[in-house]
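Numbering (the UniProt record's numbering), first residue to last: 1 to 244.
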C-alpha cells in the first residue's frame, strides 16, 4: 500500500508540476496568502449554510459563560473572514488572531454585519505563539478548521490552555483523517502533498482528536460529523468543547 501511495503521489506531482516549481522557487506562498482569503470567503459562506444548526448549537453554549460573568472575553483563533461572528451571543468581546493580515478587510465586513459584538483587537500571529495575550485572559477560545494547517497542533493547544482562565471553554470544529486502512485514507495520503500547497498548509490526515485527548482538559466532549462537501478530499469533522 505504501508503495502504491508513493507512486500515485509522484504521478500527481507530475500533473501539478508548475505548482510545485512555484513552491520551490518561493513564489507560491505570497500568492496563496494574498488570494486564499477570497476563496475562504466563498467557501465559509457555503459551509455556514450547511452547518448553521450545528454551529448555533455549539456556540450557543457561550451563553453559559456570559450568564456567569457578564461580558465574555473570546479569542477567535485563526479568525479568517470572521464567519463565526454571526453565531456568537451579544456581550462577547472578540480578540481576533490570524497569521495572514490579508484577512483584515474581510474581518471588517463581518464586524460591520455583527454589531451585537464588541471587537477588541486583531493580533497578527501564529497559534503556536500567542505571547501578546496574557495568561488566563480569555473566557473562551474558538478554533474552526485551523488545527489542520498549523505547524504544531500540540503547541497551539498548549497556548489555548495558557490563555484560558480556569473553567474557560475551548470550542472547536476541525476536519480529521479518514479511518486508517480505508481507501479514503489512502487517497488523502496521495493528495496531501499537493493539497497542502493549494489550501495554505492544510493537512488532510491529522488525527486531531488524539491531540485533544492528550491535553489535560478537565472535561472534553467530541462529536463526529460527516464532511459538508462530498467532492473535496477533506474527511469527517469533529466538533465539541473542552473545559480548562
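For every residue, glycine included, the Cβ atom is placed at its ideal position computed from N, Cα and C.
For clarity, every value in this text was computed on a predicted model and none was experimentally measured.
Proximity of residue i and residue j at Cβ, strictly below 9 angstroms
i: residue 164; j: residue 138; result: yes
i: residue 117; j: residue 90; result: yes
i: residue 246; j: residue 241; result: A question about residue 246 goes unanswered here, because the residues of the chain that appear run from 1 up to 244.
i: residue 272; j: residue 31; result: Look at the range of the chain in this structure, 1 to 244, and you will see that residue 272 is not part of it.
i: residue 194; j: residue 43; result: no
i: residue 146; j: residue 78; result: yes
i: residue 245; j: residue 75; result: Because the chain here runs from 1 to 244, residue 245 falls outside it and cannot be looked at.
C-alpha gap between residue i and residue j, whole angstroms
i: residue 5; j: residue 190; result: 6 angstroms
i: residue 104; j: residue 1; result: 44 angstroms
i: residue 33; j: residue 70; result: 37 angstroms
i: residue 38; j: residue 111; result: 17 angstroms
i: residue 59; j: residue 171; result: 8 angstroms
i: residue 149; j: residue 155; result: 13 angstroms
i: residue 55; j: residue 9; result: 35 angstroms
i: residue 86; j: residue 48; result: 10 angstroms
Three-way DSSP call (helix, strand, coil) for residue i in this model
i: residue 77; result: strand
i: residue 239; result: strand
i: residue 92; result: strand
i: residue 117; result: coil
i: residue 61; result: coil
Those residues which DSSP pairs with residue i across a bridge
i: residue 97; result: 77 and 123
i: residue 220; result: 242
i: residue 72; result: 92
Checklist entry - Considering only residues of the segment 128-195, which uninterrupted beta strand (DSSP E) runs meet the minimum length of 3 residues and lie entirely inside it, listed in chain order? => result 138-144 and 164-175
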